[in-house]
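Protein chains in written order, with the numbering used here: chain A, 1432 to 1783; chain B, 8 to 190. Idealized CB from N, CA, C, for every residue including glycine.
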C-alpha cells in the first residue's frame, strides 16, 4: 500500500488519539456490596381513586348514554344472553350503594399491591421463578386491623388495609355492579350487587411453568371481607326493587390450586378453554403404613400427604355473620376447611 | 516554512494539545449537594387512540373492513398456555380511546397517607389519571381457539364473551409506582 507523505504524518496522530486513556472507569463490586443488593418487585398504590362506568340513561347534565355490555354468552337452551352493566363503581366508604362517589386509597405505601417474581424455593416449588400478583398482605395481629369492623383500631385483626377515619380515606372500598341481564327478548332481570368497605388483603395470583406437563400452572388465593354484601333485583327502570338479600360480615377465603396440586390453564384442540386441578397423586403401595403413622411409613411420602392435608392456607372458607332477606333473619352460615381435590371446567360452544 | 514543514508543526501541536491534561474538571457532588437536587416538572399527556376503527391492514377470508358484515375486523392477540396446546385469544380488538390530562412525574413522599408517608420516606413515580376516559365503540372478544391464526387449517374457535364499551368512564386519582418487596 502506498501512502502519501501527508497520510504518513496523520497516521501516528490518529493512533495517538485512539490510545488516549479513559479516565472514567467501572469499579468492581465486592461480595459484601453485592450481598446487600436486593431484586425488588413493583409496588402499586392508587391514591384518592374513584372509578365509575356505565349507564344506559343520560346523566343529569344530559351527557350521552354510556354503555358497557357483555354479550356473546348463550343460555343452556341456546338463547343469547346480553349483560348490560348499568353501573360499575369503586369508591370510598359511605357511598350509599354508589350514589355518592368519594375517593379511596387502594394499597398502603408500606403494604402496596405488588407485581413480583419470587423465588419458588420459598414457596415449596424448588427451582422455579414465580410471577406473583398480590394484594396488600396480611400482617401480625399487633399491627393489623379487623378485616370487617368499620371503626377497627390497630391491633384488632390481621388486615393491613385501614378503615376510613375522620382525617383519612382509608384503604377499604365500596364496590358495586348494577346490571341488566337479558335472556333472549326477556329483559326483566335487573340485578344489583354491592359490597361495603371491602378488603381483599392476603389475595394473590401465582403463575409458573410446569416442566412435566409443559403448561402454565398457578395458585389462586382470593380473600374477600366485607361488613355487608347485598343483592337486590329491581324492575327494569330501577324504580321498584324486591327485598334486599343482605349478607352481614361476609368472609370468603377461596384457595384454588397449591404448590402440591396446582391449577392448570389450557385450551384443547377443539378450541375450548379448560381449567383443571388434577387429582393428587396416589401413594405407592407400602408408602403409607397400615396404621397410618409416620413410623411405619416412608417418611418423605408421609410428610408430603401430611402437608397436603394439614396446611390451612390450602383450604377455602366461607363465613356469613347473618343472612337476611328483607326483614327476615336466617342466622349465620359457615363452610370451613374445604379442599379442592379435583376440578375440571371446560367451556362448551352451544352454537355448534 | 515549506508547506510540508507547516503541516508537520500543526500536527505536532495538535498531538501535544491532546496529550495535555484537561484542566476544566467535573467536580464530585457530595451527598448534601445531591440531596438538594430535585427533578422538576413532569409530563402532561393527552391522547386520542384508535385501534382498527375501520378495519386492520389484513384483508383475507377472515379479516376485512368493519362495514363488511361477513368479515371480522380488529386486532387479534393469541397466546398459548401449553406446549402444542390451543390458544387463548383476544379477538376483534377495535375502537377509540380519548383522554386529556394524564400526568407523569416523580414525587417525593415523606408525610401524609395516614401516617405511612413518614416511615416510607422515598420517591415514587406518579401517574395522575385523567378524570374521564372517553370510549367510542371499544370492543373486544375473549375466545379460545385451536390455532393461532383464523386462516390456519383446522381452525375452530369458541367465543366466550364480547365486551362493548361506549361513553365516558370516570377514573380519578393517582397511580403510585415504586420498588418494593423481596427477591
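| Asked | Found |
| --- | --- |
| Residue 165 (chain B) classed as buried or exposed, judged by whether at least 16 other C-beta atoms fall within 10 angstroms | buried |
| Counterpart residues of residue 1476 (chain A) in DSSP-defined beta bridges | B:183 |
| Min CB distance residue 1769 (chain A) to chain B below 8 angstroms | no |
| Ranges of the beta strand (DSSP E) found wholly within the region 1673-1700 of chain A, counting only runs of at least 3 | 1676-1687 and 1694-1698 |
| Selection from A:1518, A:1503 and A:1507 that minimises the alpha carbon distance to residue 1483 (chain A) | A:1518 |
| Proximity winner among A:1666, A:1712 and A:1485, relative to residue 143 (chain B) (alpha-carbon distances) | A:1485 |
| Neighbour list for residue 124 (chain B) in chain A, Cβ cutoff strictly below 9 angstroms | 1540 |
| Residues near residue 1515 (chain A) in its chain [Cβ-Cβ closer than 6 angstroms; skip 5 each side] | 1500 and 1611 |
| Residue 140 (chain B) vs residue 178 (chain B) beta-carbon contact at 8 angstroms | yes |
| C-beta contact flag for residue 1653 (chain A) and residue 1634 (chain A) at 8 angstroms | yes |
| Neighbour list for residue 1552 (chain A) in chain B, Cβ cutoff strictly below 9 angstroms | Per Cβ cutoff of 9 angstroms: no residues; residue 1552 (chain A) is ~11 angstroms from chain B at best. |
| Proximity test, residue 79 (chain B) beta-carbon vs the ligand COA heavy atom, cut-off 7 angstroms | With respect to small molecules bound, the structure shown includes none, and the ligand COA cannot be examined in it. |
| Residue 1531 (chain A) burial status per 10 Å Cβ neighbour count (16 or more: buried) | exposed |
| Which listed residue (A:1605, A:1575, A:1473 and A:1609) has its alpha carbon closest to that of residue 1565 (chain A) | A:1473 |
| With 16 other Cβ atoms within 10 Å as the buried cut-off, status of residue 1597 (chain A) | exposed |
| Residues bridged to residue 1635 (chain A) [DSSP beta-bridge criterion] | A:1565 and A:1652 |
| Segment contact, 8 angstroms Cβ cut-off, at least three pairs: the region 106-116 of chain B with the region 68-80 of chain B | no |
| Rounded separation between residue 1665 (chain A) and residue 1512 (chain A) - CA only | 18 angstroms |
| Residue from A:1673, A:1581 and A:1572 whose Cα sits closest to the Cα of residue 1588 (chain A) | A:1572 |
| Residue 1686 (chain A) versus residue 1771 (chain A): straight-line alpha-carbon distance, rounded | 8 angstroms |
| Interface residues of chain A facing residue 173 (chain B) [CB-CB closer than 7 angstroms] | 1497 and 1498 |
| Extent of the continuous alpha helix (DSSP H) to which residue 1520 (chain A) belongs | Per DSSP, residue 1520 (chain A) belongs to no alpha helix (DSSP H); it is in the beta strand (DSSP E), 1511-1523. |
| Chain A within 8 angstroms of residue 60 (chain B), Cβ atoms only | no |
| Segment limits, alpha helix (DSSP H) that includes residue 127 (chain B) | 124-127 |
| Strand pairing of residue 94 (chain B), partner residues [DSSP] | B:87 and B:152 |
| Under 8 angstroms between C-beta atoms of residue 1700 (chain A) and residue 153 (chain B) | yes |
| Three-state secondary structure assigned by DSSP to residue 1727 (chain A) | helix |
| Interface flag, residue 1478 (chain A) vs chain B, CB-CB below 8 angstroms | yes |
| Delimiting residues of the alpha helix (DSSP H) encompassing residue 41 (chain B) | 38-42 |
| CB contact check: residue 1652 (chain A) to chain B, cutoff 8 angstroms | no |
| Partners in chain A for residue 177 (chain B), counting only beta-carbon separations shorter than 9 angstroms | 1481, 1482, 1483, 1484, 1520 and 1532 |
| Euclidean distance between Cα positions of residue 1583 (chain A) and residue 1718 (chain A) | 49 angstroms |
| Contacts of residue 151 (chain B) in chain A (Cβ-Cβ under 7 angstroms) | 1698, 1702, 1703, 1704 and 1778 |
| Runs of beta strand (DSSP E) wholly within the region 1576-1634 of chain A (minimum 3 residues, chain order) | 1604-1614 and 1617-1629 |
| C-alpha distance - residue 1502 (chain A) paired with residue 1618 (chain A), whole-angstrom precision | 14 angstroms |
| Distance, residue 1762 (chain A) Cα to residue 190 (chain B) Cα | Only weak support exists for where residue 190 (chain B) lies, its pLDDT of 41 falling under 50; the value from the coordinates is given anyway. Cα to Cα, residue 190 (chain B) sits roughly 46 angstroms from residue 1762 (chain A). |
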